[in-house]
Amino acid sequence: MGNVFSSLLFRVAALFLVGLVALQFAILMAAMWPDGRPVMFRLVDPQDASEIAEAVERAPPELRPAIVAAVSTGSTTVELLRGFPEGEGPEGEGRVATHGNAGERPAPRLEERFRLYAQALQGRPIRVQVRKGTIFSHSLQSGEIPRGPIRILVGLRTGEVLAIERAPIALQQLANRYLVVAGVAAGVCLLLLLMLLWQVVRPIARLAQATRAFRENIAAPDAAIEGAREVRALAEAFNAMKHRISGLIGDRTRMLAAIAHDLRTYLTRLRLRADHIADDRHRARSIEDIEEMGRLLDDILLFARSDAILENEVPEIDVREETFRYIETRRETGDDVEVTAGSESLPCRCSPLTFRRILANLIDNAIRYGTRARVSLESRGTTIELAVTDEGPGIAEELI
């Protein structure tokens with residue numbers, strides 16, 4: 001059961017569930033925030049009811065339905081009836097109905113409230129019907145405030161009855177406060193996304209950072225084991241792979257070093273035996289081939305060791321100083337080498353042995369296939385350009 005609670009799927013589902021509940025609660029609070037008026041159901045204003053009644057009475061019979069439809073809005077519904085519902089005659093001035101549609105109930109405590117309609121309606125008979133409310137109306141309203149939609153019946157002097165009913169305030173406030181509700185919803189969604197980013201994405205980002213660090217430095221620290229169960233399993237697998245790769249690179253370096261050591265033993269024997277070759281031409285070529293094989297072994301070992309060198313162990317060298325120092329030793333042996341470089345130092349993080357091997361290979365090729373080697377150094381921003389050129393016959397046209 002613990003694995004289920006710590007899984008990535010459970011965490012994402014839990015965050016969305018909490019966010020959904022919070023969003024619904026925020027929308028409800030935005031729609032139901034009190035403003036001093038009844039929270040669920042409100043009465044139509046007596047003056048509004050009087051003006052609607054007068055407009056319908058003064059209109060010709062054929063225009064009355066159009067006027068009733070025009071005054072009906074999203075929050076107020078107006079109907080024109082032929083007479084009072086059965087059992088509710090026009091006698092009396094202000095009585096709360098005990099009959100009507102299914103679900104209607106008497107409201108004796110409201111009778112006094114509706115006597116104000118008698119003054120505004122100038123003696124027109126009125127009846128009031130209260131429908132049963134909802135769970136929200138029962139929990140939010142007191143006994144003196146209607147717990148359901150209120151329908152007012154006004155008897156017109158034309159013999160017809162005008163029925164006026166207000167829509168539930170929750171729907172009306174939801175429509176009036178659309179921008180507020182939309183802003184609250186956007187805020188809740190943003191908060192949910194931030195929580196998701198913190199709980200789920202952050203461990204994945206740290207794992208990606210550890211992966212990039214391993215690419216640059218084989219001795220980088222292990223990835224942190226954190227986050228959901230799937231992310232922790234991925235980090236553990238990455239650390240195991242990292243240790244395996246480090247071990248393989250170390251084994252390769254040791255294997256190549258052992259092979260090179262054994263091969264140098266045989267190269268030394270061949271070098272001694274080459275000295276006994278009577279023909280000077282063949283002896284010189286044999287010695288040159290043996291030395292070339294030795295340099296090849298040096299390059300292989302240099303390549304193997306370069307991957308095993310820790311990044312924090314690589315020293316910083318002055319490329320200009322190292323180049324001049326190496327070329328000076330080549331000149332002492334009779335090689336025709338020239339160097340062109342500025343007076344400023346050229347710092348670079350590189351192994352001195354690696355740099356000398358690269359420079360030696362380039363100069364050897366230039367002298368072997370040309371008559372003179374020219375070395376130039378130039379700094380280009382964060383890059384140092386090392387160029388080695390030679391003067392020779394070049395490549396034959398038929399070989400190009």
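Under our numbering, the very last position in the sequence shown is 400; numbers go up by exactly one each time.
The C-beta atom is built at its ideal place from N, Cα and C for all residues, glycine as well.
Treat the numbers as computed from the prediction; the structure is a model and nothing was measured.
DSSP on residue i, reduced to helix/strand/coil?
{"i": "Pro60", "result": "coil"}
{"i": "Val388", "result": "strand"}
{"i": "Gly159", "result": "coil"}
{"i": "Val44", "result": "coil"}
{"i": "Thr120", "result": "Reading the sequence as shown, one finds Ala at residue 120 and not Thr. Ala120 falls in the helix class under three-state DSSP."}
{"i": "Cys350", "result": "coil"}
{"i": "Ile225", "result": "coil"}
{"i": "Thr211", "result": "helix"}
{"i": "Thr77", "result": "strand"}
{"i": "Arg82", "result": "coil"}
{"i": "Leu301", "result": "helix"}
{"i": "Glu230", "result": "helix"}
{"i": "Glu344", "result": "coil"}
{"i": "Ile249", "result": "helix"}
{"i": "Ile126", "result": "strand"}
{"i": "Ile164", "result": "strand"}
{"i": "Ile287", "result": "helix"}
{"i": "Ile363", "result": "helix"}
{"i": "Ile218", "result": "coil"}
{"i": "Ile67", "result": "helix"}
{"i": "Ile52", "result": "helix"}
{"i": "Ile152", "result": "strand"}
Can you tell me whether residue i is buried or exposed? The criterion is at least 16 other CB atoms within 10 Å of its CB, across all chains shown.
{"i": "Gly155", "result": "buried"}
{"i": "Tyr326", "result": "buried"}
{"i": "Ile245", "result": "exposed"}
{"i": "Val68", "result": "buried"}
{"i": "Leu121", "result": "buried"}
{"i": "Val21", "result": "exposed"}
{"i": "Ala366", "result": "buried"}
{"i": "Ala235", "result": "buried"}
{"i": "Leu401", "result": "Residue 401 lies beyond the residue range present for the chain, which begins at 1 and ends at 400; the question has no answer from this structure."}
Of the choices the options, whose alpha-carbon is the least far from that of residue i?
{"i": "Pro393", "options": "Thr382, Met255, Gly370, Cys348", "result": "Gly370"}
{"i": "Arg64", "options": "Val56, Ala233, Val71", "result": "Val56"}
{"i": "Ile225", "options": "Arg206, Leu17, Glu291", "result": "Arg206"}
{"i": "Ser286", "options": "Ile300, Leu297, Arg271, Asp299", "result": "Arg271"}
{"i": "Pro46", "options": "Pro60, Ile126, Ser345", "result": "Ile126"}
{"i": "Val388", "options": "His243, Pro352, Ala69, Asp336", "result": "Asp336"}
{"i": "Leu359", "options": "Ser379, Glu321, Gln129, Thr76", "result": "Glu321"}
{"i": "Leu256", "options": "Ala210, Leu301, Phe355", "result": "Leu301"}
{"i": "Val420", "options": "Thr382, Ile384, Asp251, Asp390", "result": "Only positions 1 to 400 of the chain appear in this structure, which leaves residue 420 out of reach."}
{"i": "Leu263", "options": "Arg281, Arg283, Asp280, Glu291", "result": "Glu291"}
{"i": "Arg330", "options": "Leu153, Asp279, Arg372", "result": "Arg372"}
{"i": "Ala260", "options": "Ala235, Arg295, Ala278", "result": "Arg295"}
{"i": "Ala233", "options": "Gly250, Ala118, Ile204, Leu20", "result": "Ile204"}
{"i": "Leu297", "options": "Phe16, Ala258, Phe25, Ala228", "result": "Ala258"}
If you follow the alpha helix (DSSP H) that residue i is part of, which residue opens it and which one closes it?
{"i": "Ala373", "result": "That residue, Ala373, is in no alpha helix (DSSP H); its beta strand (DSSP E) goes 372-380."}
For residue i, which residues in the same chain have their Cβ closer than 8 Å to its Cβ, ignoring the five residues on either side in sequence?
{"i": "Ser343", "result": "none"}
{"i": "Glu160", "result": "Val56, Arg64, Leu80, Leu81, Arg82, Gly83"}
{"i": "Pro347", "result": "Glu316, Ile317, Asp318, Val319"}
{"i": "Val12", "result": "Leu196, Val200"}
{"i": "Pro352", "result": "Pro315, Ile317, Glu322"}
{"i": "Val71", "result": "Ile52, Ala55, Val78"}
{"i": "Ala467", "result": "Only positions 1 to 400 of the chain appear in the structure, and residue 467 is not among them; the question remains open."}
{"i": "Gln119", "result": "Pro46"}
Less than 7 Å between C-beta atoms, sequence neighbours within five positions excluded: which residues of the same chain meet that for residue i?
{"i": "Asn239", "result": "Asp222, Ala223"}
{"i": "Met293", "result": "Leu267"}
{"i": "Phe214", "result": "Ala220, Lys242"}
{"i": "Val44", "result": "Thr76, Ile152, Ile164, Arg166"}
{"i": "Val339", "result": "Thr323, Phe324, Ile327, Val375"}
In the DSSP assignment, find the unbroken beta strand (DSSP E) run with residue i in it and report its ends.
{"i": "Thr329", "result": "Segment 319-332 is the alpha helix (DSSP H) holding Thr329; no beta strand (DSSP E) there."}
{"i": "Val337", "result": "337-340"}
Which same chain residues, not among the five before or five after residue i, have their C-beta less than 6 Å away from its C-beta?
{"i": "Ala210", "result": "Ala223"}
{"i": "Ala341", "result": "Arg320, Leu377"}
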